[in-house]
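Chemist: Protein chains in written order, with UniProt numbering: chain A, 1 to 111; chain B, 1 to 111.
We put the beta carbon where it would ideally sit given N, CA and C, even for glycine.
Owing to the predicted nature of the structure, the values given are computational and were not obtained by experimental measurement.
There are 2 protein chains.
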Amino acid sequence: MGVTKTELFTAEQNDLAQVAKAFAHPARVAIIQYLLKANTCINGNLVQELGLAQPTISQHLKELKAIGIIQGTTEGVSVSYCINPERWEEVKNLFNNLFTLFTTPSGRDCC
Amino acid sequence: MGVTKTELFTAEQNDLAQVAKAFAHPARVAIIQYLLKANTCINGNLVQELGLAQPTISQHLKELKAIGIIQGTTEGVSVSYCINPERWEEVKNLFNNLFTLFTTPSGRDCC
DNA sequence: TTATATTATCGTAATATTGCAATATAATAA
DNA sequence: TTATTATATTGCAATATTACGATAATATAA
Chain A
1 MGVTKTELFT AEQNDLAQVA KAFAHPARVA IIQYLLKANT CINGNLVQEL
51 GLAQPTISQH LKELKAIGII QGTTEGVSVS YCINPERWEE VKNLFNNLFT
101 LFTTPSGRDC C
Chain B
1 MGVTKTELFT AEQNDLAQVA KAFAHPARVA IIQYLLKANT CINGNLVQEL
51 GLAQPTISQH LKELKAIGII QGTTEGVSVS YCINPERWEE VKNLFNNLFT
101 LFTTPSGRDC C
């Protein structure tokens, strides 16, 4: 098999899983951190920042674009990338919805 | 290849990616949500909740245990699972560190 | 036009993930 | 002891992911 049975789960569960997958590689985490810190459009230097080959980075960028976390516009010969603020907020909320579900079980230690 | 080049990235980047991987499957999201909502020890019923075979769920539980998000203790014949509060806090902070890095670029729309 | 520079896509090899049947293990009950 | 019940492990097939060389596409410069 090797194929996820998405039909068994809710849209929210599948959405969160899909987004989490975008964060599930250190190169993509690094790209996101770099764009967050720069807080502006970045072109090119990503390839020099990370130690991966250009096609590999291009592929990671494609995945991040696919889920909408980043956006890129052609700027002459190169492409400028930055965080998509609206989608970023959405993603943040997706995770926070889960994180805030937790409340410490009071007066009883669980297992 | 197919193998992630972890040596190129920081411990934090690899850690976040590893944790994100735990969230990167709807079945594991469902398990986490179920434990969060129950807010107590759950045994067994997970297999009935999700529509996956018992070995498959056992495998997902193993992965969640491996990164420390959940813990299980043997309770007679069955096993009680619950969220690990300390690790949950850590994971929450890992993500929040990233989310709070973002500040809306003021007075300039990016790309 | 022909170069040059930057990014994207294709093709492919290596490895990882998902799912489950079969089986094993562990704890209690009879 | 021998059931029974619940969970874990093994082994394997199908599919997905990661990485990169080769090459294509795109935009500007000469």
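Determine the direct distance from the alpha carbon of GLN18(A) to that of TYR34(A), and round the result to whole angstroms.
Modeler: Residue mapping note: residue 34(A) aligns to position 34 of the first sequence, counting from 1. Residue mapping note: residue 18(A) aligns to position 18 of the first sequence, counting from 1. Distance between the alpha carbons of TYR34(A) and GLN18(A) is about 21 Å.
Chemist: Considering GLU75(B), what are the terminal residues of the beta strand (DSSP E) in which it resides?
Modeler: Numbered from its first residue, the second sequence carries residue 75(B) at position 75. Note, GLU75(B): beta strand (DSSP E), 70-75.
Chemist: First and last residue of the alpha helix (DSSP H) that includes ILE32(A)?
Modeler: Numbered from its first residue, the first sequence carries residue 32(A) at position 32. Where ILE32(A) is concerned, the enclosing alpha helix (DSSP H) stretches over 26-38.
Chemist: Secondary structure at ASN84(B), three-state DSSP: helix, strand or coil?
Modeler: Sequence index remark: in the second sequence, residue 84(B) carries index 84 (1-based). Coil.
Chemist: Just to confirm my understanding: we take LEU16(B), look at its own chain, exclude 5 residues before and 5 after, and list those with CB closer than 6 Å. What are they?
Modeler: Taking the first residue of the second sequence as 1, we reach residue 16(B) at position 16. These residues qualify, in order along the chain: LEU94.
Chemist: Determine which residues share a DSSP beta bridge with VAL79(B) and list them.
Modeler: Counted from its first residue, the second sequence places residue 79(B) at position 79. VAL79(B) pairs with THR74(B).
Chemist: Under 7 Å, Cβ to Cβ, is there at least one residue of chain B near PRO26(A)?
Modeler: Here the question's residue 26(A) lines up with position 26 in the first sequence. Answer yes: the Cβ-Cβ gap between PRO26(A) and chain B drops below 7 Å somewhere.
Chemist: Could you tell me which residues DSSP pairs with ASN43(A) in its beta bridges?
Modeler: Numbered from its first residue, the first sequence carries residue 43(A) at position 43. In the DSSP output, where bridge partners are listed per residue, ASN43(A) has SER80(A).
Chemist: Considering only their Cβ atoms, is the gap separating ALA27(A) from LEU50(A) smaller than 7 Å?
Modeler: Counting from one through the first sequence, the residue named residue 50(A) turns up at place 50. Counting from one through the first sequence, the residue named residue 27(A) turns up at place 27. Going by C-beta atoms, LEU50(A) is nearer than 7 Å to ALA27(A).
Chemist: Please state whether DSSP places LEU50(B) in a helix, a strand or coil.
Modeler: Counting from one through the second sequence, the residue named residue 50(B) turns up at place 50. Coil, per DSSP.
Chemist: VAL3(A) by DSSP, collapsed to three states: which one?
Modeler: On the first sequence, position 3 is the one that residue 3(A) refers to. In the structure shown, VAL3(A) sits in coil (DSSP, three-state: anything other than H, G, I, E or B).
Chemist: Going along the chain, which residues of its own chain have a beta-carbon closer than 8 Å to the beta-carbon of GLU89(B), five neighbours each way excluded?
Modeler: Looking up residue 89(B) in the second sequence gives position 89. If we look at GLU89(B) and ignore the five residues flanking it on each side, it has no Cβ neighbours.
Chemist: To which residues of the same chain is ILE32(B) closer than 8 Å at the C-beta, ignoring the five residues directly before and after it?
Modeler: For this step, residue 32(B) is matched to residue 32 along the second sequence. Contacts found: PHE23, LEU64, ILE69, ILE70, ILE83.
Chemist: Can you give the beta carbon distance from LEU36(B) to LEU101(A), rounded, assuming they're within the 8 Å contact cut?
Modeler: Locating residue 36(B) in the second sequence gives position 36, where the first residue counts as 1. Locating residue 101(A) in the first sequence gives position 101, where the first residue counts as 1. The Cβ separation is near 4 Å, so the contact holds.
Chemist: Output needed for ILE42(B): all residues of its chain with C-beta closer than 8 Å, excluding positions within five of it in sequence on either side, in chain order.
Modeler: For the purposes of this step, residue 42(B) is taken as residue 42 along the second sequence, with counting starting at 1. Hits under 8 Å: TYR34, LEU35, SER80, TYR81, CYS82.
Chemist: Should GLY72(A) go down as buried or exposed, given a rule of 16 or more other Cβ atoms within 10 Å for buried?
Modeler: Here residue 72(A) is taken as the residue at index 72 of the first sequence, counted from 1. Classification for GLY72(A): buried.
Chemist: Could you name the residues of the same chain whose beta carbon sits closer than 7 Å to that of ARG87(A), not counting the 5 residues immediately before and after it, in chain order?
Modeler: If you number the first sequence from 1, residue 87(A) lands on position 87. Excluding residues within five positions, the ones whose Cβ falls inside 7 Å are GLY68, ILE69.
Chemist: Please report whether the beta-carbon of SER104(A) lies at a distance below 7 Å from any beta-carbon of chain B.
Modeler: Looking up residue 104(A) in the first sequence gives position 104. The displayed chain sequence assigns Thr, not Ser, to residue 104(A). Yes, THR104(A) counts as interfacial toward chain B.
Chemist: May I ask you to report which of helix, strand or coil DSSP gives THR10(A)?
Modeler: Within the first sequence, the letter at position 10 stands for residue 10(A). If DSSP states are grouped into helix, strand and coil, THR10(A) belongs with coil.
Chemist: Which residues in chain A sit within 8 Å of LEU36(B), going by Cβ to Cβ distance?
Modeler: For the purposes of this step, residue 36(B) is taken as residue 36 along the second sequence, with counting starting at 1. Ordered by position in chain A, the residues that pass the 8 Å Cβ test against LEU36(B) are LEU98, LEU101, PHE102.
Chemist: Report, in whole angstroms, the separation of the C-beta atoms of ALA20(A) and ALA20(B), which I expect to be a contact under 8 Å.
Modeler: Here residue 20(A) refers to the residue found at position 20 when the first sequence is read from its first residue. Here residue 20(B) refers to the residue found at position 20 when the second sequence is read from its first residue. The Cβ separation is near 5 Å, so the contact holds.
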